[in-house]
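Right, here's the structure in full:
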């Protein structure tokens with residue numbers, strides 16, 4: 001019995017850890033969900049539209065733990081490979097997404113800019129934001 | 001005067017806030033600055049040459065949420081010394097390598113107007129030394145189709161998963177800067193498709209037609225390409241076929257060229273490269289086989305030091321190349 005409880009607690013813990021962060025947009029945005037592939041394409045500036053709606057990604061600053069978690073879970077790559085990717089994009093005339101330095105500024109950007117999509121810790125979610133994906 | 005302008009450019013770029021080598025400097029959303037240069041030393045039985053090969057300036061940015069632009073000016077070869085002839089050549093004229101405006105309309109349809117890189121294959125899309133794995137480019141990349149296009153490109157993704165992309169391009173005028181292209185043409189039309197099977201595997205192909213101005217010919221081409229990129233290995237191959245109609249004598253000809261290249265990344269800084277190239281030029285009765293062995297060292301990704309040795313079926317053309325290149 002006790003083993004079952006421990007196993008359940010472990011599973012619950014794994015679930016909570018797995019959904020520590022969320023991808024968000026404002027309620028004005030008509031999209032309601034995004035797949036990991038769509039999020040990846042948006043933040044690599046490959047994709048600029050979802051269902052005909054223009055999307056503007058906003059990144060956390062590179063020193064934030066949030067950014068590292070996003071890169072590992074969604075982009076599934078490391079800094080060195082991302083660095084190579086953006087150097088190649090620089091030659092193509094493509095810049096990385098806009099960066100906001102704090103979770104509050106990411107939230108403010110997403111609330112105020114039409115089509116903006118960002119990511120924050122789940123604990124920062126409030127009623128003005130819509131969850132598109134959890135990771 | 002040009003040296004002074006170049007110095008000012010470089011000083012402005014390197015001192016801009018947030019400048020990072022290889023990523024340029026973002027002055028604001030409308031203006032992003034960058035540039036690149038490369039130096040090459042080539043040595044063979046018939047060649048002993050040092051070149052400051054490319055000096056290029058890059059400007060790009062967003063004009064609005066839908067419009068963006070890019071301007072690239074390049075001087076090549078900027079400065080060269082031929083040790084065999086004991087001559088020095090300096091050419092500081094900057095040419096229009098790319099000048100275009102992009103309009104993002106939808107997932108399916110985007111429009112690029114101006115002088116741009118022809119959207120064919122892999123090699124042609126990353127043509128500068130610092131982004132390449134070898135100092136030299138395969139013969140295929142020079143002779144099978146115009147590297148640059150002055151015209152219109154319609155492009156986008158054909159599926160919701162963004163796996164299948166297309167380009168439909170056309171040129172119906174002379175090149176914006178005729179001195180600065182591999183094949184002078186005033187008519188060029190084509191289509192290319194790419195399918196990304198996964199993050200590590202993709203393939204595609206192109207087909208089209210162009211008309212050359214010098215030695216007038218109508219050339220139909222087809223091309224295929226495949227790339228496997230799964231660290232530490234990268235394998236890519238491209239092959240193109242030309243069906244040639246000589247407009248003066250009405251004669252027909254054909255040409256086939258391609259390459260296969262393998263790169264092994266020893267780590268993030270060191271890589272070994274091997275490439276085999278083939279070219280069969282029908283009427284000229286030339287069949288070329290070229291093998292290239294190379295080594296690449298990148299202390300940082302935007303700074304590349306490469307060395308290679310080429311073995312050619314015409315042994316007079318065997319040569320060694322050492323290069324240093326950087327993207328600002």
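Protein chains in written order, with the working numbering: chain A, 1 to 135; chain B, 1 to 328.
Yeah, the Cβ is synthetic: ideal placement off N, Cα and C, and Gly gets one too.
Cβ of residue i within 8 angstroms of any chain B Cβ
i                      : result
residue 87 of chain A  : yes
residue 68 of chain A  : no
residue 93 of chain A  : yes
residue 135 of chain A : no
residue 52 of chain A  : yes
residue 27 of chain A  : no
residue 49 of chain A  : yes
residue 130 of chain A : no
Residue i at chain E interface by Cβ criterion, 8 angstroms
i                      : result
residue 204 of chain B : Looking at the structure shown, chain E is missing, and the protein chains on hand are A and B.
Local Cβ density within 10 Å of residue i, reported as buried at 16 or more and exposed below that
i                      : result
residue 72 of chain B  : buried
residue 119 of chain A : buried
residue 142 of chain B : exposed
residue 32 of chain B  : buried
residue 34 of chain A  : buried
residue 263 of chain B : buried
Candidates the options: closest to residue i by CA position
i                      : options                       : result
residue 28 of chain B  : B:40, B:154, B:220 and B:13   : B:13
residue 83 of chain B  : B:90, B:110, B:43 and B:323   : B:43
residue 95 of chain B  : B:54, B:126, B:304 and B:120  : B:54
residue 85 of chain B  : B:48, B:120, B:39 and B:137   : B:48
residue 140 of chain B : B:276, B:106, B:285 and B:217 : B:276
residue 59 of chain B  : B:41, B:310, B:97 and B:89    : B:97
residue 171 of chain A : A:129, A:54, A:92 and A:106   : Examination of residue 171 of chain A is not possible in this model, given that chain A is present from 1 through 135 alone.
residue 159 of chain B : B:115, B:112, B:107 and B:213 : B:107
residue 77 of chain B  : B:207, B:190, B:240 and B:179 : B:179
residue 5 of chain B   : B:93, B:62 and B:18           : B:93
residue 354 of chain B : B:222, B:296 and B:75         : Given a span of 1 to 328 for chain B in the structure shown, any question on residue 354 of chain B remains unanswerable.
Residue i versus residue j: straight-line alpha-carbon distance, rounded
i                      : j                      : result
residue 251 of chain B : residue 147 of chain B : 25 angstroms
residue 245 of chain B : residue 287 of chain B : 20 angstroms
residue 45 of chain A  : residue 268 of chain B : 24 angstroms
residue 30 of chain A  : residue 25 of chain B  : 34 angstroms
residue 79 of chain B  : residue 108 of chain A : 52 angstroms
residue 21 of chain A  : residue 125 of chain A : 10 angstroms
residue 234 of chain B : residue 138 of chain B : 16 angstroms
residue 294 of chain B : residue 306 of chain B : 7 angstroms
residue 73 of chain A  : residue 292 of chain B : 39 angstroms
residue 322 of chain B : residue 308 of chain B : 7 angstroms
residue 255 of chain B : residue 55 of chain A  : 45 angstroms
8 angstroms CB neighbourhood of residue i in its chain, flanking five on each side removed
i                      : result
residue 203 of chain B : 194, 195, 197, 224, 225, 226 and 227
residue 100 of chain B : 69, 70, 112, 113, 114, 115 and 116
residue 231 of chain B : 265
residue 173 of chain B : 150, 151 and 186
8 angstroms Cβ cutoff, residue i in contact with chain A
i                      : result
residue 302 of chain B : yes
residue 112 of chain B : no
residue 70 of chain B  : yes
residue 34 of chain B  : yes
residue 201 of chain B : no
Same chain, Cβ closer than 6 angstroms to residue i, five either side skipped, listed in chain order
i                      : result
residue 312 of chain B : 290 and 318
Cut-off 7 angstroms between Cβ atoms - residues of its own chain near residue i, not counting five sequence neighbours on either side
i                      : result
residue 301 of chain B : 22
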